[in-house]
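Take a look at the structure set out below.
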Amino acid sequence: MGKRGPGVDASNPRKRVKVVHEAPTSEEIHASRQLQQLLTFEQDLQKARHGLQSFKVFLDGLLSDAGADEQHVQILRDYLESSKRHDGESEVTFLFDIMDTWSFAAQANNDNIMSAVSVTLALLLKFISQRLELTVYGLGIGRTLLQRRQQELIARNLSADKGKEFIISPTLRLLREVICLDGGTLAKPVFRARNFTFKSLARNMGMKHLGEGLEDLKRPSARTNAIRFFLSALKFLHLEAKVELLSQKELTPALTRSLANDPPYLLIEILDTLRNYVVKDEKVPGHVKSKVLNSMTLGRFSSLYQYKHDSSQADSKTTVEDAVHAFLKVACTSSTAGILRPQYGFYPRNVDPDIASLPSAEDEVQPGLESITWINKFRDDVPVRNVILADFIQNQTLRPHANLRQSELLLAIFEAAPELVAHYFINKRSFTFDPKLSATWIGYSAFLFKAMELPIPDFFGHKAGYALVPPPTSIIIDNIIPLPMTQKALVKCLGQKAELVSFVAARLLVLAMQKLQIALKMHEEAAKAQNRSIWADSARRLIDEFCQRAPGMKDVIACYRGVEDSDLLQREAASKLLRLYYEVIPQVALMAKFDVSPLLIAAIKRLDDTEESPEDRTLRLVELENLLAVAGYSPGMRWFAKSQGLPVSPFVALLRVFVAAPSGVSLDALRDALSTVAEEHQLVQSGSGNTLPLLDALQSMKKTIDPATCDALWAFLDNSTSRCATAPVKYLEMIQDLADGADNADNDGSTLMSPLMLAVLEQLPFAINSASEEDLSVLAYFVSAYMDCVRGVKKNDAKFKKIVQKIEAAFSEKPSGKKLYKKYAKMDVSHELQSWGADFSAGNDTESSDGKKDHSNAQIMSEEALADLLSVPLAVRDNSALSKWANKEADELVEEGYAASVISLLGSEHISIRKEALISISKMAVKINDSSYEEKEQVWLLLSELVESCKGHVDEGPIPNTIVAFARHALGVLKDPLHCLYGKVNSFLTKGPTWRLDKLLMVHDVLQEGPELDETYYSELSWLFLYLIDGLQAVPDMSLYHNTRLFERLLSLASNPYLRQTLKTQILKVLYRATLVEGGSTTLITRFGIVSWLEAQSAAHSSAPGGDVYKALLRRIWETSDKERASTWSKHGIEDIVEGREG
């Protein structure tokens, strides 16, 4: 076959041009002249590419890990200086040769040169941003790039085909370097040219990485570079530009569209930037934030909880899950984030509970809930104000049962917006609470438990007290016991053989009961303040709704009875649930006709029979306390009848449990239950003070012997208590007979007696006759201890003497009985005297004992006890506060004490610290004033006046402690607008720009002027005393207090008989602080008559509790004074007063 000839037109057929990618060449640069020649504009693009590649290699060396060589830096500096060209009068073009090369390459459609220019310029600006001395060149290059010709070139690069990522990526890096240069100096002009610089940004942000796995960290994709440019713009743009940028609706979807495939460092940067520069920026309007953070965006961010590529960044301290959790928590719960809207708790949207139309008050029938038209409309749907959050939490990516962080996020949202709880569970029907012992069921149960733990908002969410109308009952009950927990499901859970399922169900019901109890109490409070009938009707309906959701009483009883004896936690939970049924909804519990006696007896028997660890025994005691509370509601409980399985009655068995309980266990509930039973069955007389001295006697015996092991003692007590409870009238008549037969000079003795004491006395001879020698000793010890607890201070009462004689006669029936009784009786007396602080022998007579007791009472408290009561630690000056405050937000400076710590340093002994503290306070004032802190103006004024007042004194010495203390305490007032002194402190600050350092500031305002509100007088005094205590630390402070005659005013104020005791104690603390200052005690004695004042106060409070503090303070003042001077001044009278002698 012959060769094919040419075509009709004799031309060769067209062939595709073969594309050859040649690697660019480069050479090493040794001088700036060489660099200038290499970068000179050439139409030969091969030479131009050679020059650019050589410059790139040169810049790579400067940016290498080894650091920049100073000779090479000088070469670059010389080149930059020579690369300027003046175009016109004001415009300067930097790197004009490179710019001309770029423009020519664009005309020639040479992609390699267009990419190389962007790469080179980005590297150059990256290095310049690291060298402060080169910043001026960097700004010049940036302004050159923002000239019209370069803007068009940048826009052309940015809008290149998606396949030309090698052009797009370096251009985005270049723009990011420009916008970040010198702290964002060029951010505004970059955004002004947004038609070019931000061209195709959304498209570039949406370009996915096409390779397998994550992109290479050293070669970030176009999407990564576009996002980092966008984030840098958010950091450095001014408010108006930032708002306009965020308002572009295509940017946010592009940003969040493929987050799962982005590298971890980029995701963390996205989340941190949005949190710090959008969410937390209070200047950005809320409607703009809500456009960015809509439910779709939040859902995409929440998908990062399942991010799978964190392992590649194992060296990073923060994981993507940590970052997204912190971001979403702030975004969804902060009131300034733009998503969370004001809401009214349990009151749904479009409902105003204060303008509900109610029947006229003149109607005979009180209005009920049925008169409210909207009260029953919210069973199947709850309209909410936080629509974005409501849509977001329904997102399928949120799985609180499987992820602890997601559970924490949902709970934080619920706490910030309580209206969402009912809405969430009504619409989230994908999970049922049917018992299945699986990880999903357990995880969801844990989430339900945490959701039920959330507190009920104050006033049910109404802002100003309780509303006229209560919230819908269906919403309240959905917050108490959420919808998945239906009655049918809960009954199944309680009846499950799997112990964990029934345990979880019992715990959830306990929590629901406790929350119902709180809600009912709030209804009671509201009924007192608002329409009683409506709120009472709401409470009744709430109980009815709860009973329809919760299991019946028989199911709870069956659950408790089915628990194994060894399952202590389950028994405690089930018994607690039983107790709450009786306490919260007794009308339901009592209908079950439940006899708690067998369960109570079994619980007591378990305590007696088993040997367990202290922790297990504590749990059994808690179970017993719960059953005791249930028994208190049971009228058929037979406390004093022996039952099968117990050798004694339940009452005495509980006494034994009380005595045998391990140390450290709280027995208050058991003691209260025993005391209540004793009063109800007339073992003791109600109103007699100590309701059950029997417990005190048994407890006192434990110090010497273990009464729980003596069966004879418990048989004796069982016999005595049973007889007393069976026939209390008999023993009451015996008490009356004793009272009638004795001297009636003291009528209190009969009230101290109890029927149980007479029953013990009656049964004692029978117990002694049958007792062994060992049992006799225990009986003698018990009777002596019991009589000592009963008679109290009535040691010489004639009626008690008769009883003691009968006891001695009973013990005399046994040869060793009387001797044992007297031995223990004397031992009790000796213990009592030792408790008074006296050292008496057992053979002293009554008169001697009484005399020494009086002497003991006259003694004063120890120095250590006085210090514990009146000593206030000095404020610690922390020099590190000077460095800590700089990176804190304005609210943290005030609320968390950083500002107060810096103020304290004005009193430092070191001049350098004082100066730095003053400068820091001045900067702090400016920072607070520029912030969005609510009380910024008042705090700024306080700090500014402090600076102006101290400016000329920091070089001379420490600022007076009184000024420092005032500033610190005034700062505490200003941060709380509800503080009682808020108005006075603001008035003081507006009086003048400086303070006098030789005055006690605001003392006159508090002591002489009346309070702004009548009920705040004592609160103002308390604030003043705390400030005066902190201000008294050194000799100059004592001199100031002396010169202003402050102590006279304080002593006069403390003499007011109506002044609260706590305020009197604070005045005494000021006096005690004065004794810590050199010469302070001497000044109090010789200038303010403190001795006579304390002596008068001691006499006036001699019989009151705490009266001995005046004597102790007087001794303290004497011991710390100049005794020689004080003694000479008083002609030795002080010594006589202090030592208790007549002068």
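One gets this note's numbering by counting positions in the sequence shown from 1 and adding 197 to each. All C-beta atoms in this analysis are idealised placements derived from N, C-alpha and C, irrespective of residue type, glycine included.
What is the DSSP secondary structure of residue i, reduced to helix, strand or coil?
i: residue 1329; result: coil
i: residue 284; result: strand
i: residue 291; result: strand
i: residue 1126; result: helix
i: residue 1324; result: helix
i: residue 266; result: coil
i: residue 1266; result: helix
i: residue 768; result: helix
i: residue 1050; result: Low confidence applies to residue 1050: its pLDDT is 36, below 50, so where it sits in the model is not reliable, and the reading given next is rough at best. Three-state DSSP puts residue 1050 in a helix.
i: residue 1192; result: coil
i: residue 376; result: helix
i: residue 1014; result: helix
i: residue 357; result: coil
i: residue 416; result: coil
i: residue 981; result: helix
i: residue 830; result: coil
i: residue 630; result: coil
At a threshold of 7 Å, does residue i count as lining the ligand ATP (C-beta to nearest heavy atom)?
i: residue 1190; result: As presented, the structure is devoid of all ligands, the ligand ATP included, so that no description of it is given.
What residues in its chain sit with their C-beta under 6 Å from that of residue i, if we drop five residues either side in the sequence?
i: residue 535; result: 483, 486, 487
i: residue 1085; result: 1095
i: residue 663; result: 656, 723, 726, 727
i: residue 1138; result: 1186
i: residue 1326; result: 1283
Please report how far the alpha carbon of residue i lies from the alpha carbon of residue j, in whole angstroms.
i: residue 1048; j: residue 1172; result: In this predicted model, residue 1048 has a pLDDT of only 39, less than 50, meaning its place in the structure is not dependable; the value taken from the coordinates is given anyway. Taking the straight line joining both Cα atoms gives about 57 Å.
i: residue 524; j: residue 811; result: 45 Å
i: residue 706; j: residue 774; result: 7 Å
i: residue 697; j: residue 634; result: 8 Å
i: residue 1273; j: residue 1064; result: 11 Å
i: residue 399; j: residue 516; result: 27 Å
i: residue 1054; j: residue 1311; result: Unreliable positioning characterises residue 1054 in this predicted model, as indicated by a pLDDT of 40, which lies under 50. The coordinate reading is nonetheless provided below. Roughly 17 Å between the two C-alpha positions.
i: residue 1331; j: residue 1324; result: 6 Å
i: residue 834; j: residue 590; result: 51 Å
i: residue 267; j: residue 259; result: 9 Å
i: residue 570; j: residue 614; result: 25 Å
i: residue 476; j: residue 530; result: 11 Å
i: residue 415; j: residue 233; result: 29 Å
i: residue 505; j: residue 456; result: 11 Å
i: residue 366; j: residue 315; result: 9 Å
Between which two residues does the alpha helix (DSSP H) harbouring residue i extend?
i: residue 467; result: 461 to 471
i: residue 691; result: 684 to 691
i: residue 503; result: That residue, residue 503, is in no alpha helix (DSSP H); it is neither H nor E in DSSP.
i: residue 253; result: 242 to 259
i: residue 757; result: 750 to 758
i: residue 714; result: 696 to 726
i: residue 386; result: 384 to 389
i: residue 730; result: 729 to 746
i: residue 863; result: No alpha helix (DSSP H) contains residue 863, which DSSP labels as neither H nor E.
Ignore the nearest five residues each way along the sequence and tell me which others in residue i's own chain have a CB closer than 7 Å to its CB.
i: residue 429; result: 373, 376, 377
i: residue 292; result: 280, 338, 341
i: residue 1118; result: 1099, 1100, 1140, 1143, 1144
i: residue 1220; result: 1166, 1178
Would you check if there are 3 or more beta carbon pairs closer than 8 Å linking the region 787 to 805 to the region 714 to 722?
Cβ pair count under 8 Å is below three, so no.
Are there three or more Cβ pairs, one per stretch, closer than 8 Å when the region 682 to 691 is compared with the region 569 to 583?
By the criterion of at least three beta-carbon pairs nearer than 8 Å, the region 682 to 691 is not in contact with the region 569 to 583.
Could you tell me whether the region 1007 to 1016 touches the region 961 to 971, using the rule of 3 or more Cβ pairs below 8 Å?
A contact between stretches requires three or more CB pairs, one per stretch, nearer than 8 Å, and the region 1007 to 1016 meets this requirement with the region 961 to 971.
Would you be able to state if there are at least three C-beta pairs under 8 Å between the region 321 to 334 and the region 264 to 283?
Because the criterion of three Cβ pairs below 8 Å is met, the region 264 to 283 and the region 321 to 334 touch.
Is the region 379 to 390 touching the region 418 to 427 in the sense that three or more CB pairs, one from each, lie closer than 8 Å?
Judged by Cβ distances under 8 Å, the region 418 to 427 makes no contact with the region 379 to 390, as fewer than three pairs qualify.
I want to know whether the region 460 to 470 touches the region 497 to 507 - three or more CB-CB distances under 8 Å.
Yes, the region 460 to 470 touches the region 497 to 507.
Do three or more CB pairs link the region 921 to 934 to the region 859 to 869 at distances below 8 Å?
Cβ pair count under 8 Å is below three, so no.
Per the contact definition of three or more C-beta pairs closer than 8 Å, is the region 664 to 672 in contact with the region 727 to 739?
As far as the Cβ criterion goes, the region 727 to 739 touches the region 664 to 672, which means the pair count is three or higher.
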